[in-house]
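Novice: Handing you a structure now.
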DNA sequence: CGCGATTTGTGCACGCCTTCACAAGCGCCT
DNA sequence: AGGCGCTTGTGAAGGCGTGCACAAATCGCG
C-alpha cells in the first residue's frame with residue numbers, strides 16, 4: 001500500500017495531513033476501538049497487542065490490524081500498539097478533538113433521556129442546545145440547558161457553531177425538523193424517529209430505530225425456535241454478536 | 001460473525017413453511033419495509049410497486065425486489081405487491097405475530113425512556129418487566145409497570161416467558177446482567193451499555209451505542225471540512241443516508 | 001383474442017469486506 | 001553480536017452484497 005504518513009504531498013498547502021480514505025466498515029469500528037483503548041489506558045496499560053485490543057473490542061485480530069494499518073501503522077512489531085498514541089490518532093481521525101457542538105430537537109420521552117446522557121459529553125461532544133415545538137416544554141431546564149422553541153433553531157445553529165443535529169421527535173415532525181436543520185447549515189443528522197429522511201447531497205444521516213433492533217432479534221428468536229423443532233438440534237452454534245453500524 | 005449452518009432439511013414435516021435462509025443484510029431491512037408498508041396501508045393503498053415501496057423505505061428498488069424474492073414470490077408482475085399480504089408475510093418471518101415478551105434491566109436515564117417508548121408496544125413487543133439493582137428505584141411505577149429488583153429476574157423470565165432482554169445499565173453492570181439473563185434462559189439481548197458482552201453460543205446480542213453513532217458522523221464532518229479546504233471543492237457529492245444495522 | 005404497457009424476479013458482473021497465512025521487523029536474552 | 005520468540009503489516013483468496021439489465025409474467029384494452 002502507498003501509505004502516506006505525515007510526509008505530505010508537496011502541493012498540499014493546508015496544515016492538515018492528507019486525509020486518509022478509510023473504508024466505511026473501518027470507520028464504523030474505530031469508535032469501538034477507541035472505547036476499548038480508553039478502558040485499557042485507565043487500567044494502566046501502556047501498550048496492547050492486536051490480539052488483546054481485538055478481544056477488548058469484540059472483533060477479529062486480523063480485522064483490527066487491517067483497520068489500523070489503514071490509518072498508517074502506529075504499532076511496533078514484537079510489542080504492540082502504544083495505547084495513548086493510538087487514542088490520539090483515532091480521536092484525531094474522528095475529529096473528536098474538536099468537541100463538536102450538537103443540537104437536540106425533540107425533548108419528549110426519548111429526547112429527554114438523550115439530553116441527560118453522560119455518554120455524549122464524555123466521548124467528545126457538547127450538547128449545546130435543546131429544542132421542542134411544544135410550548136409546554138419550552139423554557140424547562142434539562143441538565144442545565146433551557147429548552148428553546150424550534151423556531152430559534154436557525155439562529156442558534158449559526159451562533160453556537162452547531163454541525164450535528166439529533167432528531168428525537170415523533171416521525172411526523174422529523175422531516176420538517178431535518179429541513180430546518182439543513183437550512184440552518186447542519187450537515188450531519190442522527191435520526192431517532194422511525195421514518196426515512198430526505199436530505200440534499202452532502203448531508204449525512206444516520207438512523208437509529210430501537211424497534212427495528214428488537215425486530216431483528218425477534219427474527220433470530222423465531223429462527224432458533226423453529227430450528228430446535230428439527231431433528232438435528234443445534235450443535236455448537238456460534239453465539240452471534242453483532243454491532244450496529246453500517 | 002455468525003457461523004450458523006442451519007441445514008434446512010427438505011423433508012420438513014411441520015405445517016410451517018420451511019424457514020427461509022435469508023441473508024443478514026436482508027433481515028436488517030425487512031423491518032424498514034414493514035414500517036413503510038404499515039404507513040401505506042394506513043394511507044389506503046392496496047398494492048404497491050417495488051419502486052414505490054423502495055422509495056418509502058429509502059432503498060434501491062432492485063435491492064428491495066431481491067430481498068422480497070428471498071422470502072418467496074408475493075408480488076404480481078405488472079401490478080406490484082399486495083400490501084396486507086406482504087405485511088402478514090414479513091411479520092410472520094420476523095416472528096412479530098407472537099408479540100414477544102421483553103424484560104428491561106436498568107431504569108436509569110435511558111432505561112426510563114425506553115420503558116415508556118411507545119414504539120416497542122406498537123411494533124410487536126410487550127415490555128413485561130422492569131428491573132434495577134438500585135433499591136431506590138425498586139418499587140417505582142413506570143408506565144404501569146413496577147420496577148423489581150434484579151434478583152427476581154430469573155423467576156420473572158421463566159414465569160412470563162421472556163425471550164428478549166434489554167440492557168440499559170451502566171457498562172460496569174452490563175456483563176453481570178447479561179450473565180443473569182442468559183442463566184434465566186434469555187437467548188436474545190439488546191445492549192445499550194457501551195461495552196462488549198461475552199455470551200455463550202446460541203445467544204444473540206445486538207449493540208446500540210449512541211455515542212458511536214455520533215462519532216461516525218463526526219468523522220464525516222471532519223472529512224467534509226478537510227475537503228472543502230481543497231481546490232476541487234465538493235462536486236455533486238451524494239448525500240449519505242445510512243441506516244444502522246449489521 | 002391478441003397486443004402493448006407495466007412490473008416482477010433473477011442471472012451476472014463488479015466491488016467491498018473478511019479471513020487466512022506468512023514474511024518482515026523488533027526487542028530481549030544469552 | 002547473534003539468535004529466538006513475538007507481533008505487526010499485507011498479499012491473496014473467498015464470500016457476501018449490490019445494482020444493472022433483461023426475460024418472464026400479468027393486466028387492460030381495443
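Chains as they are written, first to last, in UniProt numbering: chain A, 1 to 246; chain B, 1 to 246.
Every residue gets a Cβ at the ideal spot worked out from N, C-alpha and C, and that includes glycine.
Bear in mind the structure is a predicted one, so any value in this text is a computation, not a measurement.
1) When the Cα of residue 91 (chain A) is compared with those of A:27, A:187, A:198, which residue comes out closest?
2) Report yes or no: is there a C-beta of chain A within less than 7 Å of the C-beta of residue 170 (chain B)?
3) Residue 163 (chain A) touches chain B at which residues, Cβ-Cβ below 8 Å?
4) Looking at the strands, I want to know which residues DSSP matches up with residue 76 (chain A).
5) For the candidate residues A:188, A:136, A:150, whose alpha-carbon lies nearest to that of residue 289 (chain A)?
6) Would you verify that the beta carbon of residue 190 (chain A) is, or is not, closer than 7 Å to some beta carbon of chain B?
7) Determine the direct distance from the alpha carbon of residue 165 (chain A) to that of residue 147 (chain A), and round the result to whole angstroms.
8) Select from B:191, B:198, B:225 the residue whose C-alpha is nearest the C-alpha of residue 209 (chain B).
9) For residue 242 (chain A) and residue 57 (chain A), what's the separation of their Cα atoms in angstroms?
10) Between the C-alpha atoms of residue 45 (chain B) and residue 220 (chain B), what's the straight-line distance to the nearest angstrom?
11) Are the stretch 124 to 138 of chain B and the stretch 153 to 167 of chain B touching by the rule of at least three beta carbon pairs closer than 8 Å?
12) Am I right that residue 169 (chain A) and residue 186 (chain A) are in contact with their C-beta atoms under 8 Å? What's the rounded C-beta distance?
13) Can you check whether the CB of residue 86 (chain A) is closer than 7 Å to the CB of residue 37 (chain A)?
14) From what residue to what residue does the beta strand (DSSP E) around residue 248 (chain B) run?
15) Please classify residue 152 (chain B): does DSSP put it in a helix, a strand, or coil?
16) When the cut-off is 7 Å and only beta carbons count, does residue 15 (chain A) lie next to chain B?
17) For residue 100 (chain B), go through chain A and note every residue whose CB falls closer than 7 Å to its CB, in chain order.
18) Pull up the distance between the alpha-carbon of residue 203 (chain B) and that of residue 138 (chain A), whole angstroms please.
19) Identify the contact partners of residue 43 (chain B) in chain A, using a Cβ-Cβ distance below 9 Å as the criterion.
20) Look up residue 140 (chain B) in the DSSP assignment and say whether it is helix, strand or coil.
21) Tell me which residue opens and which closes the beta strand (DSSP E) that residue 52 (chain B) is part of.
22) So, with DSSP's three-state summary, where would you put residue 133 (chain A)?
23) Classify residue 135 (chain A): buried if its beta carbon has 16 or more other beta carbons within 10 angstroms, exposed otherwise.
24) Please work out which residues of its chain come closer than 6 Å, Cβ to Cβ, to residue 143 (chain A), disregarding the five sequence neighbours upstream and downstream, and give them in chain order.
25) Mind pulling the chain A residues with CB within less than 7 Å of residue 119 (chain B)?
26) With DSSP collapsed to three states, give me the class of residue 178 (chain B).
27) Count the other CB atoms, across all protein chains shown, that sit within 10 Å of the CB of residue 77 (chain B); report buried if there are 16 or more and exposed otherwise.
28) Label residue 67 (chain B) either buried or exposed according to how many other C-beta atoms from any shown protein chain fall within 10 Å of its C-beta, with 16 as the threshold for buried.
29) Give a yes or no on whether 7 Å exceeds the smallest Cβ distance from residue 242 (chain A) to chain B.
Specialist: So, to answer that:
1) Along the first chain, one-based indexing puts residue 91 (chain A) at 91. Checking every option, the nearest Cα to that of residue 91 (chain A) belongs to A:27.
2) In the second chain, residue 170 (chain B) corresponds to position 170, counting from 1. Not closer than 7 Å to any Cβ of chain A, the Cβ of residue 170 (chain B) fails to qualify, so no.
3) Within the first chain, numbered from 1, the residue matching residue 163 (chain A) stands at position 163. By Cβ distance, chain B contributes 221.
4) The sequence position of residue 76 (chain A) within the first chain is 76, counting from 1. Residue pairing from DSSP places residue 76 (chain A) in a beta bridge opposite A:80.
5) Because residue 289 (chain A) is not part of the residues shown, which for chain A are 1 to 246, the question remains open.
6) Working through the first chain from its first residue, we reach residue 190 (chain A) at position 190. For residue 190 (chain A), the answer is yes, since a Cβ of chain B falls inside 7 Å of its Cβ.
7) If you number the first chain from 1, residue 147 (chain A) lands on position 147. If you number the first chain from 1, residue 165 (chain A) lands on position 165. Take the alpha-carbon of residue 147 (chain A) and the one of residue 165 (chain A): they are about 15 Å apart.
8) Locating residue 209 (chain B) in the second chain gives position 209, counting from the first residue. If we check each option's Cα against that of residue 209 (chain B), B:191 comes out closest.
9) Against the first chain, residue 242 (chain A) aligns to sequence position 242. Against the first chain, residue 57 (chain A) aligns to sequence position 57. Taking the straight line from one Cα to the other gives about 12 Å.
10) Translated into the one-based positions of the second chain, residue 45 (chain B) becomes position 45. Translated into the one-based positions of the second chain, residue 220 (chain B) becomes position 220. Straight-line Cα distance between these residues: approximately 38 Å.
11) Yes, the stretch 124 to 138 of chain B touches the stretch 153 to 167 of chain B.
12) Against the first chain, residue 169 (chain A) aligns to sequence position 169. Against the first chain, residue 186 (chain A) aligns to sequence position 186. About 15 Å separates the two Cβ atoms, so there is no contact after all.
13) As a working note, residue 37 (chain A) is residue 37 in the first chain. As a working note, residue 86 (chain A) is residue 86 in the first chain. Closer than 7 Å, so yes.
14) Past the edges of chain B, shown from 1 to 246, lies residue 248 (chain B), and the structure says nothing about it.
15) Translated into positions along the second chain, residue 152 (chain B) becomes position 152. Residue state for residue 152 (chain B) is assigned as helix, using DSSP reduced to three classes.
16) Position 15 of the first chain, counting from 1, holds the residue named residue 15 (chain A). Residue confidence for residue 15 (chain A) is low, a pLDDT of 40 falling below 50, so the modelled location carries little weight and cannot support an answer.
17) The count along the second chain starts at 1 and reaches residue 100 (chain B) at position 100. Within 7 Å Cβ-Cβ: 218, 221.
18) Taking the first residue of the second chain as position 1, residue 203 (chain B) is located at position 203. Taking the first residue of the first chain as position 1, residue 138 (chain A) is located at position 138. If I take the Cα positions, the gap works out to 44 Å.
19) The count along the second chain starts at 1 and reaches residue 43 (chain B) at position 43. Going along chain A, no residue has its Cβ under 9 Å from residue 43 (chain B), so there is no contact; the nearest lies around 13 Å.
20) Stepping through the second chain from its first residue, residue 140 (chain B) is reached at position 140. Coil, per DSSP.
21) Here residue 52 (chain B) refers to the residue found at position 52 when the second chain is read from its first residue. Here residue 52 (chain B) belongs to no beta strand (DSSP E); instead the alpha helix (DSSP H) covers 50 to 57.
22) As a first step, residue 133 (chain A) must be located in the first chain, where it is residue number 133. In the displayed model, residue 133 (chain A) falls within coil according to three-state DSSP, outside both helix and strand.
23) Residue 135 (chain A) sits at position 135 when you count from the first residue of the first chain. So residue 135 (chain A) ends up on the exposed side.
24) Counting from one through the first chain, the residue named residue 143 (chain A) turns up at place 143. Cβ contact annotation for residue 143 (chain A) (same chain, cutoff 6 Å, sequence separation greater than five): 115, 116, in chain order.
25) Your numbering for residue 119 (chain B) matches position 119 in the second chain. For a Cβ distance threshold of 7 Å, residue set 194, 210, 211 of chain A lies close to residue 119 (chain B), ordered along the chain.
26) Against the second chain, residue 178 (chain B) aligns to sequence position 178. Here residue 178 (chain B) sits in helix by DSSP.
27) Against the second chain, residue 77 (chain B) aligns to sequence position 77. Exposed, by the Cβ-count rule.
28) Taking the second chain and counting its residues from 1, one reaches residue 67 (chain B) at position 67. The Cβ neighbour count for residue 67 (chain B), taken over all protein chains shown within 10 Å, is at least 16; the residue is labelled buried.
29) What you label residue 242 (chain A) is simply residue 242 of the first chain in a count that begins at 1. Residue 242 (chain A) belongs to the set of residues whose beta carbon lies under 7 Å from a beta carbon in chain B.
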